[in-house]
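Notes to accompany the following structure.
Protein chains: 2
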Amino acid sequence: MCHAVSSAPEGRIEVRTSVGSYPVRIGRGSLAELPKLLARHCPAHAYALIADAGVWGLHGARVRAVCSGLDQPLTIHTFKPGEQSKNRTEWSRLTDSLLATGLGRDGCVIALGGGVAGDLAGFVAATYMRGIPVVQVPTSLVAMVDASVGGKTGVDVAAGKNLVGAFHPPRFVLADPDLSVTLPRRERSQGLAEAIKHGAILDPAYFGWIERRAEDLLGGDPHATGALVMRSVELKAHVVGEDEREAGMRQILNFGHTLGHALEAESEFRLPHGSAVAIGMVLEAQLGERLGVTERGISGRIAEVLDRAELPTRAPGRPDPETVLKLLSRDKKARSGISRYVLLARIGRVDRRHGWSWELTRPIIEEFLASVFPGPA
Amino acid sequence: MCHAVSSAPEGRIEVRTSVGSYPVRIGRGSLAELPKLLARHCPAHAYALIADAGVWGLHGARVRAVCSGLDQPLTIHTFKPGEQSKNRTEWSRLTDSLLATGLGRDGCVIALGGGVAGDLAGFVAATYMRGIPVVQVPTSLVAMVDASVGGKTGVDVAAGKNLVGAFHPPRFVLADPDLSVTLPRRERSQGLAEAIKHGAILDPAYFGWIERRAEDLLGGDPHATGALVMRSVELKAHVVGEDEREAGMRQILNFGHTLGHALEAESEFRLPHGSAVAIGMVLEAQLGERLGVTERGISGRIAEVLDRAELPTRAPGRPDPETVLKLLSRDKKARSGISRYVLLARIGRVDRRHGWSWELTRPIIEEFLASVFPGPA
């Protein structure tokens, strides 16, 4: 997986699943192809579009115009923007909204928006009449490079994020970088965290390319953005194609996520996901260095690239090690309450000596956390 | 599929799925094999048993004693008996109850009870951390002969029954006819409706056998009950093995269900499911006869067998044809709002001239309903 970065800012990538495959279409202006792609990959009696209300405000008119080319009825169902909408109440409300329009098993859901729209609408589709097709039309950078590919859907509950959900691969993904031009710089920066992770675990050339093009990417250069989406989706498609259900290789996508998720929860979700993953990657690289698994200097190298992408490299405030430990033991990835860590060998390569991830016992993590979060003086 | 009825009251039947297969173990006293079957087919770090509180009251002590042979922790989560528990609120509550015990992705759900327990606990498992394994331990006759096999899970919503759910095949099904000995005669009768359906669509010998053994089956004869469960599961396993997702052959299991479901809903669920299916089978056979699809006399033959099984053959009261028509157009099986009907050629054989089911337009059904439900004088 260590190819040179494709210079192509558009194209089509096929993602393998346990039951077939689906295409990811990437390209500027590709939104116009939505009716054609629906007809080819997801013929249905009716379509229900579920969108973040903010995104619908920005792109609704364009989407409506494009969809006037559809022969089937289309209904629109919006929800309030933000992670706080990703819950069972909103899932129920949207499901009932689709039922009220009479959408049948021969219907199809279109998810339009960022990661929340993809997860929430995907879970509505996964559970609507025991599952109807969904197509993903990501509009945020993080959804384009990461969340829309791989079939994970779900909602958050009080006990934690994404604890209720389903694997429900889309029929296709349509990523039009032009939809991301309206994103604020800060949101682009958030999207780069997962792309940097893809480079860190699989592709050193891509990792270096993001560093060199960081300013263009933050500025919304459409050519650079297209190339970023292409390469990240190629890398992610390879991983989820090998291991859809995270029994093996897919675990490597959790690099930075074990400590990242715990810090995100510890901050009561004031720390955005991309920032949490950024800090998590630095910490997990430091952890790997300390254990002699990761080459020395890698955590510093990651911090440099994150810095160029305007992402944080250290946890803000003083996280409480006890709280973090408690959150780690409840992690969805934990087995028998022991949390698991993806450790790099070096940039572009995950250490494989203990499978795809390391089980690290509480004393090891406790000592590590005490050293990085010295706690109140 | 037209074998003689197996005289074996116990055995093991393999159900094929899109991703492998699972066994259904049938036999008196087979509950004792639960720990062994869990270890073999569903090794897990911890088990969460979800049970109908009434069933738990009857069989809890026995299940606890049997499960003392487990090496892993077991937690018990009960819900109030009855279809009214099969909703999203109870699904949320049970999910949170499992989360509170710290059950991880390496856990497994055991569903103990009738059809409601299987559907509800199955849906909890299907959506818990994007899906953990479930095993089905049916205790009612209808769950043993029908509901526990085939992977359908879900809950009811205001708009209709089973409109939210997932396909989530169990790791195994354990049907111990001894668990059904405490059932009242009326509930046994309800369970016979689906078994009679299996005979009507696939196996004339079995259909006749149920008629001859009806008194033993209603009385709870364990040998006859075991043989009934064996043959019904064989027939159902064949069908769902051919077509897990109801794209084709599985539709035949809906015989009696299109009109049956509508009458069940029209009665606001005062009409029990088995009774509704019984009446639905007679009506759909009459409909087939009227259209010249079903041999003359078949509806009468079905009514005779239902009568022996102490099931109704005519809708109670005076169902309102308008309401029934409205409910039919909203049926989950409807395509483009046109409802579909499985029509028999004769006993043991479904008419296949239009695929597995017939699309019948509103005027045809309107006329039929007007003739069978003359409405208020």
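Top to bottom, those sequences are chains A and B.
Under my numbering, think of the first position of the first sequence as 1, with each following residue one higher.
Under my numbering, think of the first position of the second sequence as 1001, with each following residue one higher.
No residue lacks a Cβ here, since even glycine has one placed at the ideal position from N, Cα and C.
Since M281 (chain A) meets chain B, which of its residues come closer than 8 Å, beta carbon to beta carbon? Result: empty, since nearest Cβ-Cβ is about 23 Å, beyond 8 Å.
Compare the beta carbon distance of L380 (chain A) and W358 (chain A) with 8 Å and say whether it is the shorter of the two. Any question about residue 380 (chain A) goes unanswered here, given that chain A covers just 1 to 377.
By Cβ distance below 7 Å, which residues in the same chain neighbour A1126 (chain B) in space, the five residues on each side in sequence not counted? Taken in chain order, the residues that qualify are T1153, A1166, H1168.
Buried or exposed: which applies to T323 (chain A), given that a residue is buried once 16 or more other Cβ atoms fall within 10 Å of its Cβ? With fewer than 16 other Cβ atoms within 10 Å, it is exposed.
Express the C-alpha separation of G1113 (chain B) and V1055 (chain B) in angstroms, rounding to a whole number. Spanning the two alpha carbons is a distance of roughly 6 Å.
For the stretch 340-373 of chain A, enumerate the residues whose C-beta is nearer than 7 Å to any C-beta of chain B, in chain order. Within the stretch 340-373 of chain A, no residue places its CB atom closer than 7 Å to a CB of chain B.
Going by beta-carbon coordinates alone, are R1016 (chain B) and P1023 (chain B) separated by less than 8 Å? Between R1016 (chain B) and P1023 (chain B), the gap from beta carbon to beta carbon reaches 8 Å or more.
Residues that K1236 (chain B) contacts on chain A, provided the C-beta gap is smaller than 7 Å: Result: empty, since nearest Cβ-Cβ is about 17 Å, beyond 7 Å.
Closest to H1273 (chain B) by C-alpha separation, out of B:R1362, B:V1142, B:Y1341, would be which residue? Nearest option by C-alpha distance: B:V1142.
Can you look up M1001 (chain B) in the DSSP assignment and give me helix, strand or coil? Confidence at M1001 (chain B) is low in this model, with a pLDDT of 46, below 50, so its placement is unreliable and the value that follows should be read with caution. Three-state DSSP puts M1001 (chain B) in coil, outside helix and strand.
Under 8 Å Cβ-Cβ, which residues of chain A neighbour R1330 (chain B)? One finds G102 in chain A with Cβ atoms closer than 8 Å to the Cβ of R1330 (chain B), taken in chain order.
Can you name the start and end residues of the beta strand (DSSP E) that C108 (chain A) belongs to? Start and end: 107-113.
So which residues of chain B does K152 (chain A) contact, with C-beta pairs closer than 7 Å? Simply R1130.
Just curious, the alpha helix (DSSP H) that H59 (chain A) is in, first and last residue? Per DSSP, H59 (chain A) belongs to the alpha helix (DSSP H) from 53-67.
Would you verify that the beta carbon of F172 (chain A) is, or is not, closer than 8 Å to some beta carbon of chain B? Not one chain B Cβ lies under 8 Å of F172 (chain A).
Grouping DSSP H, G and I as helix and E and B as strand, with all else coil, what is R353 (chain A)? Residue state, collapsed to three classes: strand.
Helix, strand or coil at R130 (chain A) according to DSSP, with G and I counted as helix: DSSP places R130 (chain A) in the coil class of the three-state scheme, outside both helix and strand.
According to the Cβ coordinates, are E266 (chain A) and P316 (chain A) closer than 8 Å? No.
Opposing strand residues paired with W358 (chain A) [DSSP bridges]: In the DSSP assignment, the residues bridged to W358 (chain A) are A:Y341.
What is the rounded straight-line gap between the Cα of G104 (chain A) and the Cα of G131 (chain A)? Approximately 11 Å between the Cα atoms of the pair.
When the distance is taken between beta carbons, is D1178 (chain B) closer than 8 Å to T1258 (chain B)? The Cβ atoms of T1258 (chain B) and D1178 (chain B) do not sit closer than 8 Å to each other.
For V1282 (chain B) and L1253 (chain B), which I take to be in contact (beta-carbon distance under 8 Å), what is that distance rounded to the nearest angstrom? Not confirmed; about 17 Å, so no contact.
For H1354 (chain B), count neighbouring C-beta atoms within 10 Å of its own C-beta (all shown protein chains included) and say buried if the count is 16 or more, exposed if not. Burial call: exposed.
Let me confirm a value: P388 (chain A) is counted as buried when at least 16 other C-beta atoms fall within 10 Å, else exposed. Which label applies? Limits of chain A in this structure are 1 at one end and 377 at the other, which puts residue 388 (chain A) out of reach.
Curious, which full-length alpha helix (DSSP H) runs of at least 4 residues does the stretch 1184-1240 of chain B contain? If we require 4 residues or more, the alpha helix (DSSP H) runs fully inside the stretch 1184-1240 of chain B come out as 1185-1202, 1204-1219.
Listed by chain order, chain B residues near F79 (chain A) by CB distance under 7 Å: Here the premise fails: no neighbours, minimum Cβ distance about 17 Å.
Nearest by alpha-carbon distance to S1275 (chain B): which of B:K1326, B:G1191, B:R1250, B:G1220 is it? Selected option, being the one with the closest Cα: B:G1191.
Cutoff 7 Å; reference V1389 (chain B); Cβ partners in own chain excluding five residues on either side: The structure shown does not extend to residue 1389 (chain B), since chain B is modelled only from 1001 to 1377, so the question has no answer here.
Among all the DSSP beta bridges, which residues are the ones paired with V1024 (chain B)? For V1024 (chain B), the pairing in a beta bridge is given by DSSP as B:I1013, B:V1173.
Any beta-carbon of chain A closer than 8 Å to the one on G1165 (chain B)? Yes, because at least one Cβ of chain A sits closer than 8 Å to the Cβ of G1165 (chain B).
Among A:S371, A:G102, A:E33, which one has its Cα closest to the Cα of Q286 (chain A)? Closest by C-alpha distance to Q286 (chain A), out of A:S371, A:G102, A:E33, is A:S371.
Other residues of its chain near S18 (chain A): CB distance less than 7 Å, five sequence neighbours each side excluded: In chain order, E244 place their CB closer than 7 Å to the CB of S18 (chain A), counting only its own chain and leaving out the 5 sequence neighbours on each side.
Report the partner residues of Q136 (chain A) according to the DSSP bridge assignment. Q136 (chain A) pairs with A:A111, A:V173.
A1048 (chain B) and G1107 (chain B) look like a contact to me (Cβ under 8 Å); what is the Cβ gap, rounded to whole Å? Contact holds; Cβ gap of about 6 Å.
Output yes if chain A places a C-beta closer than 8 Å to the C-beta of M1001 (chain B); else output no. Bear in mind that a pLDDT of 46 at M1001 (chain B), under 50, signals an unreliable position, so the model cannot answer this.
Whole angstroms is fine: what's the gap from A1377 (chain B)'s alpha carbon to G1151 (chain B)'s? Legend: pLDDT at A1377 (chain B) = 48, less than 50; position of this residue unreliable, no value from coordinates given.
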